[in-house]
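Protein chains in written order, with the working numbering: chain A, 29 to 370; chain B, 29 to 370.
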């Protein structure tokens, strides 16, 4: 329907003025694909959170906390351990491993933190509405960072530089709570966006994608992938899983989605860097993952050649990572609660 | 003896031209304390290794590998996990924890990587002569990164960007061996030096230390600490341990030094940032550690006030960390051996 409307629109504006690239671009938009906006005000209106607006002091503080392993009970696991900014924002292992080497009890794979701000829901079961809330989960989870809220607050408030940083970020009367610690980590995470050649293309630079990438994009749409992988995130919404047939690694772990069996569609941004794939990290090769999605979600066969073409397109979603200065963290004091490996 | 020679020298150059700071500086030198040289050629002559000379492509490659958890069997532990550049180059836990959450079998504490180039020997038992050799140990150790040499080489050579980086660093005919991987990590580590106010003082800036720090430095020398804590590293040589009495946490772990009972004296640089202290991380407070050293090594009582004064001096050894851009690591390929948590 959208295609037809679009075709009509094209007829009105004069088809002869439009090249093949313009047609592909218009088609992509009509299929619900959206770029990361070039315009900073538009971008900010999407990534900002009025409950905790982005500011430089918050980004810097959030970055420190993101990299600080002292937010875990053991003192060894940071947010960055499983969402490693050096490795596409993920950990590259099948299921997350946390405190005491505990493998995620549902055998869940760590999603990338990059562009997670564009997700409509967080966690595989979508139980969290935004990053400020999401960040509270793994810090406390027994199988991840295993730190009770009080321990986290006591660690942070025992370190004078952190107290100073919170004052800079939130004013002299700030009360440092567990929620505030998670929220400022969320502020940092909201800045972790990675514009890619694909965005350049959707923003109007027709040479940003080569002909193979364009062919892959067209096939991606024609096969129906955009039914779930749409929007800025090319994913990030809750969708039914195993629609047409059963996932070949369905038995790996016990995850079955939310109470309605819905699962968060992962973003496809930086997908070439974030193997293994699926909620349980069952598949390691992108082309195999594409074919599996065709089979279980769309009920179609995707040939090797077609999967390769789509994978070439997905490569154009590998985005530019902002330069991150590795933080020098403020040292612990004698009042800082000691780490515990137990 | 050195003091006397020095006093004679001072008499010759004219004592009246020298203030109290000059005297303290001369005294420090006569006690074997040396700054990180200001002069880059002198510095390079100390930190460079003719077997693998420092170059920018090697530093960049070594940095990537230092941060890359894929050098471990699990894919989760990097050099930086235990020698965290955000935390004074160490991990802040009592005994290192590695693969499968294994606590170091001898309950050994991870030493800081910063300024480790100035150590005469590496590891607590001094069994390694230099960093290129040292870096081979933890990668393979079952309780640390647990990766066999072949796995490490297979991982690195499966990633085209790494192969390219090695060619840039060592020439087109480079053979990527386990030893070469460790050596280029060593090149990066040799650049991790942290000049401090103390160095400024020893290099001639008499205002670089305040009066309390100067008093602490004088006491540090008068108490005899420089017997072991001397040279650029203020440590880094093999020394007998428990000379005068038994260490209060001697029963923690089973480490007893090398075959002669000798133990590597830790550097005191950045010591205020690298609690807990001693080979087994038994003591968490710096002043307590100072008093314990007086008791077990020098056979003297160091009062609370004296320990505090020495700790103030040791604070001046907290050095400036070079800005580290967190690397974006090249992605794995389908040929990259998979991580294993077992």
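Here a beta-carbon is modelled for each residue, glycine too, at the ideal position from N, C-alpha and C.
Simplified DSSP state of residue i, which is helix, strand or coil
i	result
residue 197 of chain A	helix
residue 48 of chain B	helix
residue 319 of chain B	helix
residue 275 of chain B	coil
residue 32 of chain A	Confidence at residue 32 of chain A is low in this model, with a pLDDT of 46, below 50, so the placement of that residue is unreliable and no value is reported for it.
residue 361 of chain A	coil
residue 112 of chain A	strand
residue 180 of chain A	helix
residue 351 of chain B	coil
residue 188 of chain B	helix
residue 221 of chain B	coil
residue 138 of chain B	coil
residue 71 of chain B	helix
residue 202 of chain B	coil
residue 106 of chain B	coil
residue 53 of chain B	helix
residue 297 of chain A	coil
residue 346 of chain B	coil
residue 165 of chain A	helix
residue 326 of chain A	helix
residue 172 of chain B	coil
residue 280 of chain B	coil
residue 144 of chain A	helix
residue 208 of chain B	helix
Buried versus exposed call for residue i [16 or more other C-beta atoms within 10 Å across all chains shown]
i	result
residue 139 of chain A	buried
residue 350 of chain B	exposed
residue 355 of chain B	buried
residue 47 of chain A	exposed
residue 193 of chain B	buried
residue 162 of chain B	buried
residue 227 of chain B	buried
residue 289 of chain B	exposed
residue 70 of chain B	exposed
residue 120 of chain A	buried
residue 367 of chain B	buried
residue 72 of chain A	exposed
residue 353 of chain A	exposed
residue 224 of chain B	buried
Beta-ladder partner(s) of residue i, from DSSP
i	result
residue 366 of chain B	Partner(s): none; residue 366 of chain B has no beta bridge.
residue 61 of chain B	B:259
residue 125 of chain B	B:131
residue 268 of chain B	B:290
residue 118 of chain B	B:112
residue 150 of chain B	B:156
residue 213 of chain A	DSSP lists no partner for residue 213 of chain A.
residue 311 of chain B	B:305
N- and C-terminal bounds of the alpha helix (DSSP H) containing residue i
i	result
residue 85 of chain A	84-95
residue 336 of chain A	332-343
residue 291 of chain B	That residue, residue 291 of chain B, is in no alpha helix (DSSP H); its beta strand (DSSP E) goes 290-292.
residue 225 of chain B	225-230
residue 234 of chain B	Per DSSP, residue 234 of chain B belongs to no alpha helix (DSSP H) and is neither H nor E.
residue 160 of chain A	159-162
residue 243 of chain B	239-250
Terminal residues of the beta strand (DSSP E) in which residue i lies
i	result
residue 78 of chain B	No beta strand (DSSP E) holds residue 78 of chain B; DSSP gives it neither H nor E.
- [ ] Give the residues from the stretch 110-138 of chain B that approach chain A closer than 9 Å (Cβ to any Cβ), ordered along the chain.
- [x] Cβ contacts with chain A come from 110, 112, 113, 114, 115, 116, 119, 120, 121, 122, 123, 125, 127, 128, 129, 130 and 131.
TODO: Please list the residues of the stretch 337-366 of chain A that have a C-beta atom closer than 8 Å to any C-beta atom in chain B, keeping them in chain order.
DONE: Those residues of the stretch 337-366 of chain A placed with their C-beta closer than 8 Å to a C-beta in chain B are 349, 351, 352, 353, 354, 355, 356, 357, 359, 360, 362 and 366, ordered along the chain.
Task: Against chain C: residues of the stretch 293-304 of chain A by CB proximity under 7 Å - done: This model lacks chain C altogether, as its protein chains are A and B.
TODO: Output, in sequence order along the chain, the residues in the stretch 93-105 of chain A whose CB is closer than 8 Å to any CB in chain B.
DONE: Answer in chain order: 95, 96, 97, 98, 102, 103 and 104.
Task: Contact residues within the stretch 307-319 of chain A, judged by C-beta distance below 8 Å to chain B - done: Hits within the stretch, in order: 312 and 313.
Open item on the list: Along the stretch 148-169 of chain A, where does the CB come closer than 9 Å to a CB of chain B? Name the residues.
Closed with: Taking 9 Å as the upper bound on Cβ-Cβ separation, chain B lies near no residue of the stretch 148-169 of chain A.
- [ ] Below 9 Å between beta carbons is the criterion; list the residues of the stretch 242-270 of chain A that meet it against any residue of chain B, in chain order.
- [x] Going along the stretch 242-270 of chain A in chain order, one finds no residue with a Cβ nearer than 9 Å to chain B.
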